[in-house]
Amino acid sequence: MVEIRWDWIAGHLDDVADKTWQHVQLLVIPMVAGFVIAFALAILAARRPGTIGPVTAVTGLLYTIPSLAAFAVLVPITGLSLMTAIIPLTAYTLLILYVNTVAGLRSVPAEVNEAADAMGYGRWTRLLRIQVPLAVPMIMAGVRVATVTTIGLVTVSAIVGGNRFGGLGQFITEGLQTDFDTKIYLGAVGSVILAFIIDGGLVGLQRWLTPWARARAERA
Amino acid sequence: MEQVLGFLSDGANWQGEAGIPNRLLEHLEIALLAVLIASLIALPLGFYIGHTGRLQLVGINIANMGRAIPSYALMVMLLPVMLGLAPVLGYDPRLGLRFLPVFLAMVLLAVPPILVATYAGLQDVDRELSESSRGMGLTERQILTQVELPLALPVIVGGVRIALLQVIATATIGAFLAGGGLGRFIIDGIARRDDGMLYTGVLLVSVLAVGTDISLSWVQRRLTPAGVRAATEPGSVELRGSGAT
Numbered sequence: 119m120v121e122i123r124w125d126w127i128a129g130h131l132d133d134v135a136d137k138t139w140q141h142v143q144l145l146v147i148p149m150v151a152g153f154v155i156a157f158a159l160a161i162l163a164a165r166r167p168g169t170i171g172p173v174t175a176v177t178g179l180l181y182t183i184p185s186l187a188a189f190a191v192l193v194p195i196t197g198l199s200l201m202t203a204i205i206p207l208t209a210y211t212l213l214i215l216y217v218n219t220v221a222g223l224r225s226v227p228a229e230v231n232e233a234a235d236a237m238g239y240g241r242w243t244r245l246l247r248i249q250v251p252l253a254v255p256m257i258m259a260g261v262r263v264a265t266v267t268t269i270g271l272v273t274v275s276a277i278v279g280g281n282r283f284g285g286l287g288q289f290i291t292e293g294l295q296t297d298f299d300t301k302i303y304l305g306a307v308g309s310v311i312l313a314f315i316i317d318g319g320l321v322g323l324q325r326w327l328t329p330w331a332r333a334r335a336e337r338a
Numbered sequence: 047m048e049q050v051l052g053f054l055s056d057g058a059n060w061q062g063e064a065g066i067p068n069r070l071l072e073h074l075e076i077a078l079l080a081v082l083i084a085s086l087i088a089l090p091l092g093f094y095i096g097h098t099g100r101l102q103l104v105g106i107n108i109a110n111m112g113r114a115i116p117s118y119a120l121m122v123m124l125l126p127v128m129l130g131l132a133p134v135l136g137y138d139p140r141l142g143l144r145f146l147p148v149f150l151a152m153v154l155l156a157v158p159p160i161l162v163a164t165y166a167g168l169q170d171v172d173r174e175l176s177e178s179s180r181g182m183g184l185t186e187r188q189i190l191t192q193v194e195l196p197l198a199l200p201v202i203v204g205g206v207r208i209a210l211l212q213v214i215a216t217a218t219i220g221a222f223l224a225g226g227g228l229g230r231f232i233i234d235g236i237a238r239r240d241d242g243m244l245y246t247g248v249l250l251v252s253v254l255a256v257g258t259d260i261s262l263s264w265v266q267r268r269l270t271p272a273g274v275r276a277a278t279e280p281g282s283v284e285l286r287g288s289g290a291t
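Chains as they are written, first to last, in this note's numbering: chain L, 119 to 338; chain E, 47 to 291.
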């Protein structure tokens, strides 16, 4: 029913590597940009809780817009440059990263904050050295969800990206246009595998960032 | 904006198969049907897991699978299979090209959010409430329908809301596989370099999604008993859901 031409894939490994590399770029740039924005807004939320409502509403609104519409809206303006994909992809990461970072910062027990105050930590040092590290598990949970979501959305961006962008999703578009199942599956399965690999990497990163959690688990 | 007004004010764009009313109708039809079928699968299973506490692992695994496989990848993987099955099962191959892959992907992706919300919502109901209902002589069915479900309903509607938004977005992408719906304006707008058509599609589909989101969040609030409303923060379950993966 579905015939996969492994020999075709073997003969086009360069192409696979190029598109995988672009997929990774279209993941990393929006994630870094989204994280910087969401983190700054979450720090603001820690100082001014009144901003949480409006920021959640705006990032939630962005998140609600169907992905194809978001990629298409910039085509007449930025054309087929990478920005057409990067801007909506960044916008989509904001809600998840923001909500999780705010929740993480708020989950720090009041006693811990008071102990830090008693030890003479200022507001900023307390935030950066006590609250942020303790919020890492929640922040990383957000990073993981946003990462997996973004990898899937990069694939969708290929619909508007033509032969310019879309990472592994370009294989899908090409496969659909030329009726070549191998390319369709290469793009679809490839992006899912990429998501699993990178998610696994993030789990490792989280263990490295929270050595105390590991120590606690070993003692138990 | 002018281009959108130009497109909207052209009477021809309001008539026939490619008209705005028909495209909107197509979009709503496929989205509502997909969520309906998904609900028929997810609700009974969610009731069972949530009420009895059994099969939780099945629920978690289905939920994670839903997150890992994006809608677009799912529908294109189903496409060759649906085309191949057409002669075997005897349906019109055009159905295998346009409707079935998109629709099946939509149903499969709508199941996890509804399932997770249903069993998480039921499990969040205070155990003591269920126990005392049992002590008062209510049957298991009565406990579920009269005590647990009313309290879990806002959370369940929250799951349906997420499913519906996902399905509306997926239906938009489905236009790329020669499907109907509002996504056609976007795909055709790009292909014909007709910015008015493109922006109209973007606008309509965004309004549809945001409108659905706002109205269902209103329903959620209306369904929450006043006492519970004060005690819980909205979205807390969604947060926990995303923290689990």
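Where is the CB? At the ideal position from N, CA and C, for every residue including glycine.
Note that the coordinates shown come from a computational prediction; the quantities given were computed from them, not determined experimentally.
Helix or strand or just coil, what does DSSP make of residue i?
| i | result |
| --- | --- |
| L:E121 | coil |
| L:T268 | helix |
| L:G240 | coil |
| E:L51 | helix |
| L:H130 | coil |
| L:N281 | coil |
| L:A135 | helix |
| E:L228 | coil |
| L:T169 | helix |
| E:Q61 | coil |
| E:F93 | helix |
| L:D297 | coil |
| L:Q143 | helix |
| E:L86 | helix |
| E:L101 | coil |
| L:D317 | helix |
| E:D28 | With chain E covering 47 to 291 only, the question about residue 28 of chain E has no answer from this structure. |
| L:L286 | coil |
| L:P325 | It should be pointed out that residue 325 of chain L corresponds to Arg in this sequence rather than to Pro. In this structure, L:R325 counts as helix in the three-state DSSP scheme. |
| E:R69 | helix |
| L:R262 | helix |
| L:R247 | helix |
| E:E284 | Legend: pLDDT at E:E284 = 42, less than 50; position of this residue unreliable, value from coordinates given subsequently. Looking at E:E284 - three-state DSSP - the assignment turns out to be helix. |
| E:A272 | helix |
Ends of the alpha helix (DSSP H) at residue i?
| i | result |
| --- | --- |
| E:D241 | 241-269 |
| E:T218 | 195-220 |
| L:R332 | 329-337 |
How close, in whole Å, do the beta carbons of residue i and residue j come, if the pair is a contact with beta carbons under 8 angstroms?
| i | j | result |
| --- | --- | --- |
| L:T273 | L:G287 | 4 angstroms |
| E:I219 | E:V157 | Not a contact, Cβ separation roughly 18 angstroms. |
| E:L80 | E:L124 | Here the sequence assigns Ala to residue 80 of chain E, which means Leu is not the residue at that position. So it is not a contact: roughly 13 angstroms between Cβ atoms. |
| E:L211 | E:L228 | Wrong, their Cβ atoms sit about 14 angstroms apart, outside the cutoff. |
| E:G96 | E:T185 | Incorrect: roughly 17 angstroms between the Cβ atoms, too far for contact. |
| E:A114 | L:V266 | 7 angstroms |
| E:S117 | E:T258 | Not a contact, Cβ separation roughly 16 angstroms. |
| E:P147 | E:L223 | 6 angstroms |
| L:G319 | L:K137 | With a Cβ gap of about 19 angstroms, L:G319 and L:K137 do not count as contacting. |
| E:L175 | E:V193 | 6 angstroms |
| E:G9 | E:R173 | No answer is possible for residue 9 of chain E: the residues shown for chain E start at 47 and end at 291. |
| L:N231 | L:R247 | Incorrect: roughly 12 angstroms between the Cβ atoms, too far for contact. |
| L:A156 | L:L215 | 4 angstroms |
| L:G270 | L:L212 | Incorrect: roughly 17 angstroms between the Cβ atoms, too far for contact. |
| E:Q49 | E:G247 | About 12 angstroms; that fails the 8 angstroms criterion. |
For the ligand NAP, any of its heavy atoms closer than 7 angstroms to the Cβ of residue i?
| i | result |
| --- | --- |
| E:E186 | This structure does not include the ligand NAP; it has no bound ligands of any sort. |
Is there a Cβ from chain B that is less than 8 angstroms from the Cβ of residue i?
| i | result |
| --- | --- |
| E:L244 | In the displayed structure, chain B is absent; the protein chains listed are L and E. |
Residue ranges of each beta strand (DSSP E) within the stretch 111-193 of chain E, 3 or longer:
none
Starting from the N-terminal side, write out each stretch of the alpha helix (DSSP H) that is 4 residues or longer and does not extend beyond the stretch 172-242 of chain L.
185-191, 193-196, 201-224, 228-236
Taking only beta carbons into account, state which residues of the stretch 118-140 of chain E come closer than 8 angstroms to chain L, listed in chain order.
Y118, A119, L120, V122, M123, L125, P126, V127, G130, L131
Short of 7 angstroms Cβ to Cβ, which residues in the stretch 295-312 of chain L face chain E?
D299, I302, Y303, A306, S309, V310
Give, in chain order, every residue of the stretch 169-196 of chain L whose Cβ lies closer than 7 angstroms to some Cβ of chain E.
L179, T182, I183, P184, S185, L186, A187, A190, V191, V193, P194
Closer than 7 angstroms, Cβ to any Cβ of chain E: which residues of the stretch 272-286 of chain L, in chain order?
T273, V274, I277, V278
What residues from the stretch 148-180 of chain E come within 7 angstroms of chain L, judged by C-beta to C-beta, listed N to C?
none
When Cβ atoms are compared, which residues of the stretch 126-159 of chain L fall closer than 8 angstroms to chain E?
none
Contact set between the stretch 252-263 of chain E and chain L, restricted to residues whose Cβ is under 7 angstroms from the partner:
S252, A255, V256, D259
Mind checking the stretch 240-261 of chain L against chain E and listing, in chain order, the residues whose C-beta falls within less than 9 angstroms of any C-beta there?
P255, M256, A259, G260
Using a Cβ-Cβ cut-off of less than 7 angstroms, list which residues of the stretch 192-218 of chain E approach chain L; keep chain order.
L211, I214, A215, T218
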